[in-house]
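115 is the number that the numbering used here gives to position 103 of the sequence shown; each next residue is one higher, with no gaps.
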Amino acid sequence: GAKPITIRVSDFDRAAPHGTGHIKAGLNYAMSLHAIVDAHKNGFDENMYLDAATRTKVEETGGANFIFVTKDGKVVTPKSNSILPSITRRSLIYVAKEYLGLEAEEREIYFDEVKDFAECGLCGTAAVISPVGKIVDHGKEICFPSGMEKMGPVIQKLYDTLTGIQMGRIQAPEGWLKVIE
Numbered sequence: 013g014a015k016p017i018t019i020r021v022s023d024f025d026r027a028a029p030h031g032t033g034h035i036k037a038g039l040n041y042a043m044s045l046h047a048i049v050d051a052h053k054n055g056f057d058e059n060m061y062l063d064a065a066t067r068t069k070v071e072e073t074g075g076a077n078f079i080f081v082t083k084d085g086k087v088v089t090p091k092s093n094s095i096l097p098s099i100t101r102r103s104l105i106y107v108a109k110e111y112l113g114l115e116a117e118e119r120e121i122y123f124d125e126v127k128d129f130a131e132c133g134l135c136g137t138a139a140v141i142s143p144v145g146k147i148v149d150h151g152k153e154i155c156f157p158s159g160m161e162k163m164g165p166v167i168q169k170l171y172d173t174l175t176g177i178q179m180g181r182i183q184a185p186e187g188w189l190k191v192i193e
């Protein structure tokens, strides 16, 4: 699997309250270009954006949604009107519940609780899930128990199951696949 990445909490806002952050539009990606260039220059793979109104809640990165795993194995993803409603995230929540028998929920996630999660990943179309090993908040490090060497066990199961469905190795849910002739 993929090696875990290191991200930082961004001082920039990606989406405005009552803005268009929930729409897949070029402008929303452009809003994070300066921030990602700056992150890369400073040795980080990606930025974590907090909500613009209070800067206390986790939203997303410039191009992917967060997925967290609690210490008791529950899958949790951020809920906000400012983030893109990702099909990959929705698929992973379905896989967690229906294939792996895990509890899964979308809810507001306060940045203060991130340190208590067992695993973290970024989900999106291209990578499915990229594991996150470390989040740096202005010099303070949050290191996930899953470490910097490999995906955590729950994130790995989610990845293996969803890619198995995509590749036809695992039976897909009704309506997920369309045969093209």
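Glycine residues also receive a C-beta, built at the ideal position from the N, C-alpha and C atoms.
Got a sec? Which residues, its chain only, sit under 8 Å from residue i by beta carbon, not counting five neighbours each side?
| i | result |
| --- | --- |
| residue 122 | 68, 69, 70 |
| residue 194 | Examination of residue 194 is not possible in this model, given that the chain is present from 13 through 193 alone. |
| residue 120 | 69, 90, 91, 92 |
| residue 79 | 87, 88, 89, 101, 104, 132, 133, 134, 135, 141, 167, 170 |
| residue 35 | Unreliable placement is indicated for residue 35, whose pLDDT of 49 sits below 50; the coordinate value is still reported in the next sentence. Once the five neighbours on either side are set aside, the close Cβ partners of residue 35 are 96. |
| residue 126 | 70, 80, 132, 147, 154 |
| residue 182 | 111, 173, 176 |
Quickly, what does DSSP pair residue i with across the bridge? List them, please.
| i | result |
| --- | --- |
| residue 142 | 134 |
| residue 122 | 69 |
| residue 88 | 80, 117 |
| residue 63 | DSSP lists no partner for residue 63. |
| residue 152 | 149 |
| residue 186 | According to DSSP, residue 186 bridges with nothing at all. |
| residue 18 | 146 |
| residue 58 | 19 |
How would you call residue i, buried or exposed, if buried means at least 16 neighbouring beta carbons within 10 angstroms?
| i | result |
| --- | --- |
| residue 99 | exposed |
| residue 166 | buried |
| residue 77 | buried |
| residue 2 | Nothing about residue 2 can be read from this structure; the chain reaches only from 13 to 193. |
| residue 19 | buried |
| residue 143 | buried |
| residue 108 | buried |
| residue 73 | buried |
| residue 51 | buried |
| residue 180 | exposed |
| residue 145 | buried |
Less than 6 Å between C-beta atoms, sequence neighbours within five positions excluded: which residues of the same chain meet that for residue i?
| i | result |
| --- | --- |
| residue 158 | 131, 164 |
| residue 171 | 140, 141 |
| residue 184 | 177 |
| residue 160 | 16, 145 |
| residue 30 | Residue placement at residue 30 cannot be trusted, given a pLDDT of 41 that sits under 50; what the coordinates show is reported in the next sentence. The answer is none, since no qualifying residue turns up. |
Assuming the contact rule is C-beta atoms closer than 8 Å, residue i and residue j should be a hit. Round their C-beta distance to whole Å, please.
| i | j | result |
| --- | --- | --- |
| residue 17 | residue 57 | 4 Å |
| residue 23 | residue 64 | No, residue 23 and residue 64 are not in contact; Cβ-Cβ is about 12 Å, not under 8 Å. |
| residue 81 | residue 129 | 6 Å |
Please decide whether residue i counts as near chain D, where near means a Cβ-Cβ distance under 8 Å.
| i | result |
| --- | --- |
| residue 122 | In the structure shown, chain D cannot be found, because there is only a single protein chain. |
Can you give me the Cβ contacts of residue i inside the same chain, cut-off strictly under 7 Å, excluding the 5 residues immediately before and after it?
| i | result |
| --- | --- |
| residue 37 | Bear in mind that a pLDDT of 49 at residue 37, under 50, signals an unreliable position, so the number given afterwards is only what the model happens to contain. Around residue 37: no qualifying Cβ. |
Counting Cβ pairs closer than 8 Å, one from the segment 44 to 58 and one from the segment 171 to 179, do we hit at least three?
no
Taking 8 Å as the cut-off, does the segment 115 to 122 touch the segment 136 to 144 (at least 3 CB pairs, one atom from each stretch)?
no
Counting pairs of beta carbons, one from the segment 145 to 156 and one from the segment 82 to 98, are three or more of them closer than 8 Å?
no
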